[in-house]
Each structure stands twice: as C-alpha cells, then as structure tokens.
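Line by line, the protein sequences give chains L and Y.
Using the numbering used here, read the first sequence as starting at 1 and increasing by one per residue.
Using the numbering used here, read the second sequence as starting at 1001 and increasing by one per residue.
Comments concern the structure below.
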Amino acid sequence: GENVEQHPSTLSVQEGDSAVIKCTYSDSASNYFPWYKQELGKRPQLIIDIRSNVGEKKDQRIAVTLNKTAKHFSLHITETQPEDSAVYFCAAPKRGNMLTFGGGTRLMVKP
Amino acid sequence: DTAVSQTPKYLVTQMGNDKSIKCEQNLGHDTMYWYKQDSKKFLKIMFSYNNKELIINETVPNRFSPKSPDKAHLNLHINSLELGDSAVYFCASSQESLNEQYFGPGTRLTVT
Chain L
1 GENVEQHPST LSVQEGDSAV IKCTYSDSAS NYFPWYKQEL GKRPQLIIDI RSNVGEKKDQ
61 RIAVTLNKTA KHFSLHITET QPEDSAVYFC AAPKRGNMLT FGGGTRLMVK P
Chain Y
1001 DTAVSQTPKY LVTQMGNDKS IKCEQNLGHD TMYWYKQDSK KFLKIMFSYN NKELIINETV
1061 PNRFSPKSPD KAHLNLHINS LELGDSAVYF CASSQESLNE QYFGPGTRLT VT
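So this is what it looks like as structure tokens:
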C-alpha cells in the first residue's frame, strides 16, 4: 500500500515570506498528487494537483513540484498572507483510486 | 445548491448503538468516498465506491458498511459503536477516480 510522509507538521512564517511543505510517497506507480487545504472547522478543499507527466505546476502564488525519481513532491506558497493559515494535506493514490493522505501541516502566517 | 451534503452535522450517541450518516452529491459524479478524521487531524480513507466497485480500506472494521441506494447517495452505517469511533466523518465525490474530490461539510460523531 501507499505510505505518504509529510513534513513539517507545523510551519510558522511571517506574512510575505514563502512556505514549503514536502511529501514523500512509496509507490512508484503513483501518478496523481493533489494538495488540499483545510481551514479550521471546514472541509478540505483542493488547491492544486499534479500528474506524473509534468514536473511542476503553478497557479498564482501556489506551485507544486514533483520528483518522480526521488518519489517526493512539494507545495510552495509565495508571498504568504494571513488567510493562507490552515492545515495542508498532500495525498497520493492507494490501490488505484483511493487517496492516502499525509499527516498534515499546520501553517501559521503571522501578520 | 450544496454540492456534497451530509446529515446530521453532529451526532452524539452511546457505546453499542447503531447509527447512520447520510451523504448526497448533486454534481453527477460517479465515485463517492468516506473519510475519517481523528482528533489529531489525520485524514484516512475508509471506502471508495462507484457503480461498479466498492473498495474497502483494509484497516476499517467490518462494523462500518457503506450503502448506496443510487448514484447520488452513499450512506455510512456503523454498528456497535465504540469510543474510538469518535471523529469527524467526511463524505466526498469525484468524477472518476484520481480527480478533484469535493468534500461534504463533515459529521462530528461523539460516542460516550
């Protein structure tokens, strides 16, 4: 089965700084890597995803990079804002169409 | 208007009881899921279901069973509730697998 390790578990940055969250996975056949954001008391929501045929994807201040050889992928948030404060989850497929989620990273952006 | 809805939002019950959580999606998606999020915020897949196949995470006790009356609904039945079942349960759906999943608002289950 797929194991997904996520680091760090907590991350505190100053507003305007960048934040990077890293995940590693174990199944070399995995081909889909989403990132979800969960605000306090809310549901998880997809913010960006990447498939194994590309190495990087950007959407405004958010980017994801994928290194298939090393089996890790990272979320990059630039120019962080207080509203970026949330728990972020990476995920990778398990048994075809089920996602295994990382342990989560609590990001705190200090104004 | 809500894409994925769950009822109830809160559920408090005693050990040993049997309870159900309902989930409905109006997105026309063909795959639905149930997740458990514990107090440490770990999000764990329990089931994946489309009209062809039910996939069960091997760690899920057989006291938990999903039931789908139609393509838009996937309800979660839990028998003989235990203290450790206390968590937030999220339903989700997607169009085919390995695509964006839309989560419901969650059901906070408390077993006393």
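By construction, the Cβ of each residue, glycine as well, lies at the ideal position given by its N, Cα and C atoms.
Computed from a predicted structure; not experimentally measured.
Inspect the beta-carbon positions of residue i and residue j and report whether they are closer than 8 Å.
i	j	result
L/F73	L/V64	yes
L/T105	L/S18	no
L/L66	L/D84	no
L/F101	L/Q38	no
Y/E1100	Y/D1030	no
Y/F1047	Y/N1062	no
L/Y32	Y/L1098	yes
Y/L1083	Y/L1011	no
L/C23	L/Q45	no
L/N3	L/S26	yes
Y/I1078	Y/F1064	yes
L/S9	L/G103	yes
L/K94	L/S28	no
Y/V1004	Y/S1094	no
Measuring alpha carbon to alpha carbon, tell me which of the options ends up nearest residue i.
i	options	result
Y/L1027	Y/R1108, Y/T1110, Y/G1106 and Y/Y1102	Y/Y1102
Y/T1107	Y/E1096, Y/D1085, Y/Q1095 and Y/S1094	Y/D1085
Y/K1019	Y/V1004, Y/K1067 and Y/Q1025	Y/K1067
Y/I1021	Y/K1036, Y/D1030, Y/H1029 and Y/T1031	Y/K1036
Y/K1009	Y/G1104, Y/F1042 and Y/T1112	Y/G1104
Y/E1024	Y/V1012, Y/F1090 and Y/V1111	Y/F1090
L/A91	L/L40, L/T80 and L/I21	L/I21
L/R51	L/P44, L/K68 and L/K42	L/K68
Y/N1050	Y/D1038, Y/S1039, Y/F1064 and Y/Y1033	Y/Y1033
L/M98	L/Q45, L/T80, L/P34 and L/G41	L/P34
Y/F1042	Y/T1112, Y/V1111 and Y/A1087	Y/A1087
L/E56	L/L40, L/L11, L/H76 and L/K42	L/H76
L/I62	L/T10, L/S12, L/T80 and L/S28	L/T80
L/D59	L/A70, L/I47 and L/N53	L/I47
L/G16	L/N53, L/P82 and L/R95	L/P82
Check the Cβ of residue i against every Cβ in chain Y and list those closer than 7 Å, keeping chain order.
i	result
L/V87	K1041
L/F73	In chain order: nothing, as chain Y lies at least about 15 Å away.
L/G103	F1042
Excluding the five sequence neighbours on either side, which residues of its own chain have a C-beta within less than 6 Å of the C-beta of residue i, listed in chain order?
i	result
Y/N1017	L1081
L/Q14	K110
L/D49	P34
Y/H1073	E1024
Taking 8 Å as the limit between beta carbons, can you name the residues of its chain near residue i, skipping five residues before and five after?
i	result
Y/T1059	K1044
Y/V1013	According to the sequence displayed, residue 1013 of chain Y carries Thr and not Val. So the qualifying residues of the chain are K1019, L1081, L1109, T1110, V1111 and T1112.
Can you name the residues of chain L whose CB is closer than 7 Å to the CB of residue i?
i	result
Y/P1105	R43
Using a cut-off of 8 Å between C-beta atoms, extract the partners of residue i located in chain L.
i	result
Y/F1090	R43 and P44
Y/I1045	K94, M98, L99, T100 and F101
Which residues in chain Y sit within 8 Å of residue i, going by Cβ to Cβ distance?
i	result
L/D49	E1100
Leaving out five residues on either side along the sequence, give the residues of the same chain with a beta carbon under 7 Å from the beta carbon of residue i.
i	result
Y/Q1006	I1021, K1022, C1023, C1091, G1104, P1105, G1106 and T1107
Y/D1070	none
Discussion item. To be precise: take each residue of the region 20-44 of chain L, compare its Cβ to all Cβ atoms of chain Y, and keep it if any distance is under 9 Å. Which residues remain?
Written reply: N31, Y32, P34, Y36, Q38, G41, K42, R43 and P44
Worksheet item: Quick one, which residues of the region 56-68 of chain L are near chain Y if we go by CB-CB under 8 Å, in chain order?
Response: none
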